[in-house]
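A.B. asks: Just so you know, we're using UniProt numbering here: the sequence shown kicks off at 1 and counts up by one.
Here a beta-carbon is modelled for each residue, glycine too, at the ideal position from N, C-alpha and C.
Just passing along the structure, written as structure tokens.
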Amino acid sequence: MAFLKIGHRGARGYEPENTMRSFEKALSLGADAIEFDVRASKDGMIVVIHDSFLDRTTDGIGRVCNHTLAELRELNAGQSERIPTLAEVLEKFGKRTILNIEIKEAGLTERILDLIRYYEAADSVVVSAFSSDENAEGSSSSWTDLFWLKTCEKKLKIGLAACDVEWAERAVSFARRDQIFPVDYLCLSAISAWRGLIAKAHKDTDAKVLVWTVNFPVLISWFQLIGADGIFSDYPDRIGG
């Protein structure tokens, strides 16, 4: 498999993160895949946004879950972009590229699966999540959610995300070939993806190791050198083949 160039929240180094504009930019810069985050609105719609609060990335305030989709639609997510729904992203990009959907909160898996099936995108989707026990980046989703998805839809690919070294090691352990559920990707932070762990992942699992978030060319080259299979970057054009 060729080295994967993954646009982190699209191309957030150039455009407002997690917007349609950012996703288009990532593809124009040569990204093989785009990564984005999903949460639920007050009325249960799956929307694309990283934080649980609106303040950092929009002109709104308060929690995402306290606003209806109609209310979220009124917000400016940067350069007059709107917060997209998962349905919109699947419709526009599901047949064009690999989509890495990172689940940020519990209770979304059934709705996400329904949308993936409706847009016939299972072949092009990777669903990832942190362990709820690690609680990285405020995430309340879990690896169990991913295993449930894999049981329901065999064509789906799943990725175990980890932030610190301890959880990266656990992710590799969960992905071993002798485990019940096959794991397709290990999405490890740059601080946790040391050379020995990447080598262990390749030895003990069939999963590809993807490292996030790497923006400096010298570090991108380093992770390629020590065996990573792909990089998440805010600047996907900086990732060489």
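I'd like to check one pair, L29 with A11: are the Cβ atoms closer than 8 angstroms?
C.D. replies: yes
A.B. asks: Roughly how many angstroms separate the alpha carbons of Y185 and R82, rounded to a whole number?
C.D. replies: 30 angstroms
A.B. asks: At what residues does the beta strand (DSSP E) containing residue 242 begin and finish?
C.D. replies: In the structure displayed, the chain extends from 1 to 241; residue 242 sits before or after that span and is not available.
A.B. asks: Taking residue 253 and A162 to be in contact with their CB atoms under 8 angstroms, please state how far apart those CB atoms are, rounded to whole angstroms.
C.D. replies: There is no way to answer for residue 253, as the model of the chain reaches only from 1 to 241.
A.B. asks: Where does the unbroken beta strand (DSSP E) through E105 begin, and where does it stop?
C.D. replies: Careful: E105 lies outside any beta strand (DSSP E) and carries neither H nor E.
A.B. asks: Once the 5 residues before and after M20 are set aside, which same chain residues still bring their CB inside 6 angstroms of it?
C.D. replies: Cβ within range, chain order: P84.
A.B. asks: Sorted by chain position, which residues of the same chain lie with C-beta nearer than 8 angstroms to W148's C-beta, five sequence neighbours on each side aside?
C.D. replies: T109
A.B. asks: Pull up the DSSP beta-bridge partners for residue 275, would you.
C.D. replies: Any question about residue 275 goes unanswered here, given that the chain covers just 1 to 241.
A.B. asks: Considering just the uninterrupted stretch of the alpha helix (DSSP H) at R195, what are its terminal residues?
C.D. replies: 195 to 204
A.B. asks: Return the first residue and the last residue of the beta strand (DSSP E) that V38 is part of.
C.D. replies: 33 to 40
A.B. asks: Which stretch, first to last residue, makes up the alpha helix (DSSP H) that contains D92?
C.D. replies: The question names Asp, yet the displayed sequence has Lys at residue 92. Here the alpha helix (DSSP H) through K92 covers 86 to 93.
A.B. asks: Below 8 angstroms CB to CB, which residues in the same chain sit around N215 once its five sequence neighbours on both sides are set aside?
C.D. replies: G13, S233, D234, Y235, R238
A.B. asks: Evaluate P16 with the Cβ neighbour count: other Cβ atoms within 10 Å of its Cβ, from every protein chain shown; 16 or more gives buried, anything less gives exposed.
C.D. replies: buried
A.B. asks: How many angstroms separate the CA atom of Y119 from the CA atom of T205?
C.D. replies: 30 angstroms
A.B. asks: Roughly how many whole angstroms lie between the Cα atoms of E24 and I198?
C.D. replies: 31 angstroms
A.B. asks: Please list the terminal residues of the continuous alpha helix (DSSP H) segment that includes A70.
C.D. replies: 69 to 73
A.B. asks: Rounded to whole angstroms, what's the CA-CA distance from I180 to G78? Just pull it up for me.
C.D. replies: 43 angstroms
A.B. asks: Applying the criterion that 16 or more other CB atoms from any shown protein chain within 10 Å of the CB defines a buried residue, is I220 buried or exposed?
C.D. replies: buried
A.B. asks: Measure the alpha-carbon distance for I61 versus L54 and round it to whole angstroms.
C.D. replies: 5 angstroms
A.B. asks: Considering only the beta carbon of each residue, do G227 and C187 sit closer than 8 angstroms?
C.D. replies: no
A.B. asks: Between K42 and W222, what straight-line distance do the alpha-carbon atoms span, to the nearest angstrom?
C.D. replies: Approximately 43 angstroms between the Cα atoms of the pair.
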